[in-house]
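Heads up: the structure comes next, in structure tokens.
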Amino acid sequence: MDDDPDICWALEHVLRGLGAKCVLAVDGQSALQAARHNRLALALLDAKGLPDIDGLELAGKIRAADPDVPVVVVSGYFYRDDPAIQAALEQGLIHGFIEKPFSHGEVIETVKSALSSQEAASRAVKLSTAC
Amino acid sequence: MWIYDLRTLSFLAVNDAAVERYGYSREEFLAMTVRQLHLRAERSALLDGVLKSPVSSAQERTWRHVRKDGTVIYVEVARSAVDFAGGSAYLVIANDVSEGKRSELLYRMLMDTIPSSVLLLDEDLRVVLANRNFLDKSRRTNGVTAGKRLAEVFPEVILAEMGLEQQIRNVFTSSHATAGQRLTYRAPGVPIRVYYYSIVPVNWGGQVDHVLFLMDDVTEQTRMGEEIRRMEGRLASVVESASDIVVSTDIQGNIFTWNKAAQKITGYSLEELKGRSFLDYCDESGAPGVRRLLSSGASRESSGRIESNLKTKDGRFRPVSWVFSPMTDDAARTVGFVVVGRDLTEQRKFELQILEAQKLAALGVMARGIAHEIRTPLAISSSAAQFLMEGNLTPEFYRECAEKVHSGIRKASTIIENLLRFAHPSAEKNKTPVDLLRVMREALTLIENQAKVQNIEVRTHFPPEPCQVLGVPSLLEQVFINLLLNAINAMPSGGTIEVFAERTAGEVLARVTDTGEGISPEDFDKIFDPFYTKSPPGKGTGLGLSICYSIVDQHRGSIGVDSQKGEGSTFTVKLPLLFPTEKDSGEPPESSRSGRG
Chain A
1 MDDDPDICWA LEHVLRGLGA KCVLAVDGQS ALQAARHNRL ALALLDAKGL PDIDGLELAG
61 KIRAADPDVP VVVVSGYFYR DDPAIQAALE QGLIHGFIEK PFSHGEVIET VKSALSSQEA
121 ASRAVKLSTA C
Chain W
1001 MWIYDLRTLS FLAVNDAAVE RYGYSREEFL AMTVRQLHLR AERSALLDGV LKSPVSSAQE
1061 RTWRHVRKDG TVIYVEVARS AVDFAGGSAY LVIANDVSEG KRSELLYRML MDTIPSSVLL
1121 LDEDLRVVLA NRNFLDKSRR TNGVTAGKRL AEVFPEVILA EMGLEQQIRN VFTSSHATAG
1181 QRLTYRAPGV PIRVYYYSIV PVNWGGQVDH VLFLMDDVTE QTRMGEEIRR MEGRLASVVE
1241 SASDIVVSTD IQGNIFTWNK AAQKITGYSL EELKGRSFLD YCDESGAPGV RRLLSSGASR
1301 ESSGRIESNL KTKDGRFRPV SWVFSPMTDD AARTVGFVVV GRDLTEQRKF ELQILEAQKL
1361 AALGVMARGI AHEIRTPLAI SSSAAQFLME GNLTPEFYRE CAEKVHSGIR KASTIIENLL
1421 RFAHPSAEKN KTPVDLLRVM REALTLIENQ AKVQNIEVRT HFPPEPCQVL GVPSLLEQVF
1481 INLLLNAINA MPSGGTIEVF AERTAGEVLA RVTDTGEGIS PEDFDKIFDP FYTKSPPGKG
1541 TGLGLSICYS IVDQHRGSIG VDSQKGEGST FTVKLPLLFP TEKDSGEPPE SSRSGRG
């Protein structure tokens, strides 16, 4: 989920390389719907600039809808040791953080690590969609 | 007159005058002794001794005798020894002096009633008389005072220091009273007392043979005076030690007093500017206000406040907040002003610090905004480049990746360009006369397609004649493109955009109204801030409105917003007309419906 369709485009292609099926969304509302209607293995979320909701708040809502879904934040707004991101990681609200711009290797590493941490590897990897 | 027996003291003969004066009959007299005439208290052995003592010559003495009715008379007595019927006897001539004695008593009483110390002095500077007040104050008795020389009555030190004796002698020779002078006198065993004394000649037939030395005890008054001085001193020190500037002026504003704080802040001492006009020490921006307060203050009761810079001795100015209060006399007339000023230098410093802190905070918000906006297209380019490096791509994907690399870089460049424009929007020299209506129509053409896609109808209300302004057409066009795009973005599910232009006195008013989501009142202040955005997906950098603001400002215009949450927003741009005409007084604009919607 990212408000920029081109970010969705890039991440979709990276994750397809892993054999994952993606659902894309460009706002919080459709992302939440995607999380409810699809059994997601993992959610990649932009953290800022969403028209309707703050990224970390959205992470909480997705986790409330499906507690088994690990969430990874992809953001250009926050930096890695940002207090808000550190707190979210510590609380288990999110399971990984990817800083824009990212290397594909980094995305794959973070996604795999988040999946194993959530022991949800059996589920197919999906990414919320609506674009 | 009577004759009494020297041995028995019995009366031997009395004349008619004695009978008349004393009230006793002749027979009663002849049955009495001389002793019985005297006041009971004076009937002593001494009296008997005196009465019996032989005298060779006439002796006079005043006695107190009691008449038959019990009243006392003062009698001067002269005795002479006589033979009477072969025996020794005294012939007594008694003279009733009661009348004179009473006057003396009255005089004594008066002297003692006077609430001042009075000494009557003769030419030898001896005390002829000292009144009760003097004796009490000096803790002396009449015995050690009356008849004594002044030097025995007053301490030598006082006499010498004050030159009292000389002063008294001068009064004897000049026969003029001295004016009051101060004398501090401490009698043994009493606290110091302060007197005002004067020396008054007692004139008797053109001859001064006595002087009155009058002393008024002013110890209490002196103490009160000192109390008042102490109080005044305390008030003065309050003013002097105040950390605020306290100045008093006369009614014209000429400086009368100037406290230490004023001296410390300005470097001027009171001596340097006493009598100078307070206005001379205000800077040009503050002087008119101060002048107004000084002239209107005379008729006002309340105090006036003003901020004005105060000139210092080294030629600089310090910001001061002043309070002018009229000073009134007992008749409630304004006689001057009390001007209290607080040095605002520290406060201004603090305000600057806050402003710096606010700027830093704003910079932080801005940095995050820039990071987010630029890192996103960078991430796209970077990602696309990584796909390209992987190789083995379909020609379509290869092309798609190359396009993403290109568009990402372009997006990032645009953001940076906008930032530069925001930071340095200067285009002063590129300004030309331009018809704002034409600029607006071009902007409308550019958004026409997008509006159609989003099912938005666009209506224009333009006046028939051109609205010439001085400006940079491309920048002005950007203002309207941004406003129109905002309007479109505010109506994702369609609506109406109305664009007005109107000439008013000296100005052209351009309005863009949408029927979109509207803006919360709490966001009114922020919408023109850079990177403040609530833009829909993929749109808006948060710079659009701040760039509009910057451009309009650069064209000496203004931009404002009016909005109702849920009902839409109206942005109004006002720009100065280049050629304002007489008839630009608010004619209703021509209403037309654009077919572009």
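Top to bottom, those sequences are chains A and W. Be aware that the first sequence starts at 1, since it is given in my numbering, and climbs by one per residue. Be aware that the second sequence starts at 1001, since it is given in my numbering, and climbs by one per residue. Note that CB positions come from ideal geometry on N, CA and C, so glycine has one too.
Open item on the list: Relative to the C-alpha of W:Ser1647, which candidate in W:Gly1516, W:Leu1485, W:Leu1475, W:His1461 has its C-alpha closest?
Closed with: The structure shown does not extend to residue 1647 of chain W, since chain W spans only 1001 to 1597, so no value can be given for it.
Open item on the list: Looking at the secondary structure, which residues open and close the alpha helix (DSSP H) in which A:Pro70 lies?
Closed with: Neither: A:Pro70 is in no alpha helix (DSSP H) and is coded neither H nor E.
Task: Spatial distance of W:Trp941 from W:Leu1110 (CA atoms) - done: Because chain W spans 1001 through 1597 in this model, residue 941 of chain W falls outside it and cannot be assessed.
Open item on the list: Less than 8 Å between C-beta atoms, sequence neighbours within five positions excluded: which residues of the same chain meet that for A:Ala59?
Closed with: Ala43, Leu45, Val71, Val73, Ala88, Leu93, Ile94
TODO: Output, in chain order, the set of chain A residues within a Cβ distance shorter than 7 Å of W:Thr1414.
DONE: Counting only Cβ-Cβ distances below 7 Å, W:Thr1414 has no contacts in chain A at all, with the closest Cβ about 14 Å away.
TODO: Counting only the same chain and skipping the five closest in sequence on each side, list residues whose C-beta sits under 6 Å from that of A:Ser122.
DONE: Unreliable positioning characterises A:Ser122 in this predicted model, as indicated by a pLDDT of 40, which lies under 50. A coordinate reading is not provided.
Open item on the list: Rounded to whole angstroms, what is the Cα-Cα separation between W:Tyr1107 and W:Pro1188?
Closed with: 29 Å
Open item on the list: I want to see whether chain W comes within less than 7 Å of A:Asp82, judged by CB atoms only; does it?
Closed with: No - not a single Cβ of chain W is within 7 Å of the one on A:Asp82.
TODO: Residues of the segment 1373-1386 of chain W with a CB closer than 7 Å to any CB of chain A: list them in chain order, please.
DONE: Within the segment 1373-1386 of chain W, the qualifying residues are Arg1375, Thr1376, Leu1378, Ala1379, Ile1380, Ser1382, Ser1383, Ala1384, Gln1386.
- [ ] Could you tell me whether the segment 1442-1461 of chain W touches the segment 1481-1491 of chain W, using the rule of 3 or more Cβ pairs below 8 Å?
- [x] yes
TODO: With 9 Å as the limit, tell me which residues of the segment 2-25 of chain A have their beta carbon closer than that to any beta carbon of chain W; keep them in chain order.
DONE: Asp2, Asp3, Asp4, Pro5, Asp6, Ile7, Trp9, Ala10, Leu11, His13, Val14, Gly17
Open item on the list: To the nearest angstrom, how far is the alpha carbon of W:Arg1318 from that of W:His1555?
Closed with: 35 Å
Task: Extent of the continuous alpha helix (DSSP H) run through A:Gly60 - done: Counting along the chain, the alpha helix (DSSP H) containing A:Gly60 begins and ends at 55-65.
- [ ] Give a yes or no on whether the C-beta atoms belonging to W:Leu1437 and W:Val1469 are separated by under 7 Å.
- [x] Judged by their CB atoms, W:Leu1437 and W:Val1469 are not nearer to each other than the 7 Å cut-off.
Task: Residue-chain proximity (A:His134, chain W), Cβ-Cβ < 7 Å - done: In the structure displayed, chain A extends from 1 to 131; residue 134 of chain A sits before or after that span and is not available.
Task: Where W:Thr1328 falls, given that 16 or more other Cβ within 10 Å makes a residue buried - done: exposed
Task: Inter-residue spacing [alpha-carbon to alpha-carbon] between W:Gly1538 and W:Ile1374 - done: With a pLDDT of only 44 at W:Gly1538, under the threshold of 50, the placement of this residue in the model should not be trusted; the figure read from the coordinates follows. If you take the alpha carbons of W:Gly1538 and W:Ile1374, they lie about 13 Å apart.
- [ ] Using three-state DSSP, classify W:Arg1316 as helix, strand or coil.
- [x] coil
Open item on the list: Please classify W:Trp1322 as buried or exposed, where buried requires at least 16 neighbouring CB atoms within 10 angstroms.
Closed with: buried
TODO: Could you please give the first and the last residue of the uninterrupted alpha helix (DSSP H) stretch that includes W:Phe1480?
DONE: 1473-1489
Open item on the list: Can you look up W:Met1109 in the DSSP assignment and give me helix, strand or coil?
Closed with: The answer is helix: DSSP assigns W:Met1109 an H, G or I state.
- [ ] Would you mind stating whether W:Asp1136 and W:Val1128 have Cβ atoms separated by less than 7 Å?
- [x] With respect to the 7 Å criterion, W:Asp1136 and W:Val1128 are not classified as neighbours on the basis of their beta carbons.
- [ ] Using three-state DSSP, classify W:Ser1243 as helix, strand or coil.
- [x] In this structure, W:Ser1243 counts as coil in the three-state DSSP scheme.
Open item on the list: Looking only at its chain, what residues have a beta carbon closer than 8 Å to the beta carbon of W:Ile1527, apart from the 5 residues adjacent to it on each side?
Closed with: Ile1519, Leu1545, Val1561
TODO: Residues of the segment 53-67 of chain A with a CB closer than 7 Å to any CB of chain W: list them in chain order, please.
DONE: For the segment 53-67 of chain A, there are no residues whose beta carbon sits under 7 Å from a beta carbon of chain W.
Open item on the list: Would the segment 1085-1099 of chain W count as touching the segment 1161-1176 of chain W if we require 3 or more Cβ pairs under 8 Å?
Closed with: no
TODO: Could you tell me which residues DSSP puts in a beta bridge with W:Ile1409?
DONE: According to DSSP, which records beta bridges pairwise, W:Ile1409 is partnered with nothing at all.
Task: Through-space distance from W:Gln1166 to W:Phe1154, alpha-carbon basis - done: 14 Å
Task: Cutoff 7 Å: W:Arg1368 Cβ touching any chain A Cβ - done: So yes, W:Arg1368 belongs to the interface.
Task: Interface positions of the segment 102-119 of chain A facing chain W (Cβ-Cβ less than 7 Å), listed along the chain - done: Listed in sequence order: Phe102, Ser103, His104.
- [ ] In angstroms with no decimal places, state the Cα-to-Cα distance between W:Ala1085 and W:Leu1012.
- [x] Rounded to whole angstroms, W:Ala1085 to W:Leu1012 spans 9 Å at the Cα level.
Open item on the list: Can you find the residues in the same chain that come closer than 6 Å, C-beta to C-beta, to W:Gly1568, ignoring five residues on each side of it along the sequence?
Closed with: Asp1514, Thr1515, Gly1516, Gly1518
- [ ] Taking W:Asn1430 as part of the alpha helix (DSSP H), name the residues at either end of that continuous run.
- [x] Taken as a continuous stretch (DSSP letters only), W:Asn1430 belongs to no alpha helix (DSSP H), as it is neither H nor E.
TODO: Express the C-alpha separation of W:Ile1488 and W:Val1458 in angstroms, rounding to a whole number.
DONE: Near 10 Å, if we compare the C-alpha coordinates of W:Ile1488 and W:Val1458.
Open item on the list: Using only the alpha-carbon positions, how far apart do W:Ile1228 and W:Gly1336 sit?
Closed with: 23 Å
TODO: Output, in chain order, the set of chain W residues within a Cβ distance shorter than 7 Å of A:Gly76.
DONE: Ala1371, His1372, Arg1375, Thr1376, Ala1379
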